[in-house]
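Novice:
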Amino acid sequence: MIYTFEEALAQPAVRVGEETRDLAGLPGFVIASDLEERFYTSNNLPEQLSALFSGINPRRLDEDALEVACARAQERVRGATLLENDIQLLYRAQANAGLLGVPAYLRRPGRLEAEEFLSRPPGAELLFALKHLWARDWTFDAVLARLDAGTGIGLEAGPVLVLPGRA
Numbered sequence: 124m125i126y127t128f129e130e131a132l133a134q135p136a137v138r139v140g141e142e143t144r145d146l147a148g149l150p151g152f153v154i155a156s157d158l159e160e161r162f163y164t165s166n167n168l169p170e171q172l173s174a175l176f177s178g179i180n181p182r183r184l185d186e187d188a189l190e191v192a193c194a195r196a197q198e199r200v201r202g203a204t205l206l207e208n209d210i211q212l213l214y215r216a217q218a219n220a221g222l223l224g225v226p227a228y229l230r231r232p233g234r235l236e237a238e239e240f241l242s243r244p245p246g247a248e249l250l251f252a253l254k255h256l257w258a259r260d261w262t263f264d265a266v267l268a269r270l271d272a273g274t275g276i277g278l279e280a281g282p283v284l285v286l287p288g289r290a
């Protein structure tokens, strides 16, 4: 689902991010975590990524093998396709928020890393930026941080904020 910041107030923070509550009244919108989950499952990414990282042993980490797996994981995420219905929802949300033809960016709530974009109708640049942001979860540093934290290689789907301006 996609919500304006006002609509997001009625949603659980786990779906839209705690920070979203402070953005009510501002232009932009939040992409709830279920859209990312659909993206991963519809492209069979959990199984593909699991296979990529199957040879990685966190106790005896081969950093070279991890780097290769991370690069391939990022390629898979960037190369996967969004469902047509989700694409149309994103296009409408972007147009309704007035983000066509103006600089905008997206980021995860509580994080500083962002992907900037400038969309022209119909707004495909947002789609590319979104997949690039999701691919950042599979950088060597991001995966290594999860391994160091003991949470494993995988991660849970999360919300994404889409805001006007530059990051």
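Quick note: the sequence shown uses this note's numbering, first residue 124, plus one each step. Where is the CB? At the ideal position from N, CA and C, for every residue including glycine.
Exposed or buried, which one is Asp209 when buried takes at least 16 other CB atoms within 10 Å?
Specialist: Counting from one through the sequence shown, the residue named residue 209 turns up at place 86. By the 10 Å Cβ count, Asp209 comes out buried.
Novice: Quick one: is Arg230 buried, meaning 16 or more other Cβ sit within 10 Å of its Cβ, or exposed?
Specialist: Counting from 1 along the sequence shown, the entry for residue 230 is found at position 107. Counting Cβ neighbours within 10 Å, Arg230 comes out buried, since at least 16 surround it.
Novice: Tell me Ile154's beta-bridge partners as DSSP assigns them.
Specialist: For the purposes of this step, residue 154 is taken as the residue at position 31 of the sequence shown. For Ile154, which the question treats as bridged, DSSP gives the partners Ile125 and Val283.
Novice: How would you call Gly233, buried or exposed, if buried means at least 16 neighbouring beta carbons within 10 angstroms?
Specialist: Looking up residue 233 in the sequence shown gives position 110. Classification of Gly233: exposed, given that the 10 Å Cβ count is below 16.
Novice: With a threshold of 16 other CB atoms inside 10 Å of the CB of Ser173, please say whether the residue is buried or exposed.
Specialist: As a first step, residue 173 must be located in the sequence shown, where it is residue number 50. Exposed is the call here.
Novice: May I ask you to report which of helix, strand or coil DSSP gives Arg289?
Specialist: Walking along the sequence shown from the start, residue 289 turns up at place 166. Correct three-state label for Arg289: coil.
Novice: Report yes if the CB atom of Pro150 is closer than 7 Å to the CB atom of Val225, and no otherwise.
Specialist: Here residue 150 corresponds to residue number 27 of the sequence shown, with the count starting at 1. Here residue 225 corresponds to residue number 102 of the sequence shown, with the count starting at 1. Going by C-beta atoms, Pro150 is not nearer than 7 Å to Val225.
Novice: Looking at Phe176: is its Cβ nearer than 7 Å to the Cβ of Ile276?
Specialist: Walking along the sequence shown from the start, residue 176 turns up at place 53. Walking along the sequence shown from the start, residue 276 turns up at place 153. It is a contact, given that the beta carbons lie within the stated cut-off.
Novice: Closest to Glu198 by CA distance: which of Gly221, Pro181, Asp145 and Asn166 is it?
Specialist: Translated into positions along the sequence shown, residue 198 becomes position 75. Glu198 has its Cα closest to that of Asn166, out of Gly221, Pro181, Asp145 and Asn166.
Novice: Measure the beta-carbon distance from Tyr214 to Pro245 and round it to whole angstroms, keeping in mind my assumption that it falls under 8 Å.
Specialist: For the purposes of this step, residue 214 is taken as residue 91 along the sequence shown, with counting starting at 1. For the purposes of this step, residue 245 is taken as residue 122 along the sequence shown, with counting starting at 1. Their Cβ separation, rounded to whole angstroms, is 5 Å, which keeps Tyr214 and Pro245 in contact under 8 Å.
Novice: Going by DSSP, which residues form a beta bridge with Glu239?
Specialist: As a working mapping, residue 239 is identified with position 116 in the sequence shown. Answer by DSSP bridge pairing, in chain order: Tyr228.
Novice: CA-CA distance, Ala247 and Leu223?
Specialist: As a position in the sequence shown, residue 247 is number 124, starting the count at 1. As a position in the sequence shown, residue 223 is number 100, starting the count at 1. Approximately 10 Å between the Cα atoms of the pair.
Novice: For my contact list, Ala227 and Val285 are in at a C-beta cut-off of 8 Å; report their separation, rounded to the angstrom.
Specialist: Against the sequence shown, residue 227 aligns to sequence position 104. Against the sequence shown, residue 285 aligns to sequence position 162. About 6 Å; that satisfies the 8 Å criterion.
Novice: Could you check which residue in Leu184, Leu205, Ala133 and Gly140 has the C-alpha nearest to that of Leu168?
Specialist: Taking the sequence shown and counting its residues from 1, one reaches residue 168 at position 45. Nearest C-alpha to Leu168: Leu205.
Novice: Closer than 8 Å by C-beta to Glu141: which residues in its own chain qualify, once you throw out the five before and the five after it? Chain order, please.
Specialist: Here residue 141 refers to the residue found at position 18 of the sequence shown. Pro232 and Gly233.
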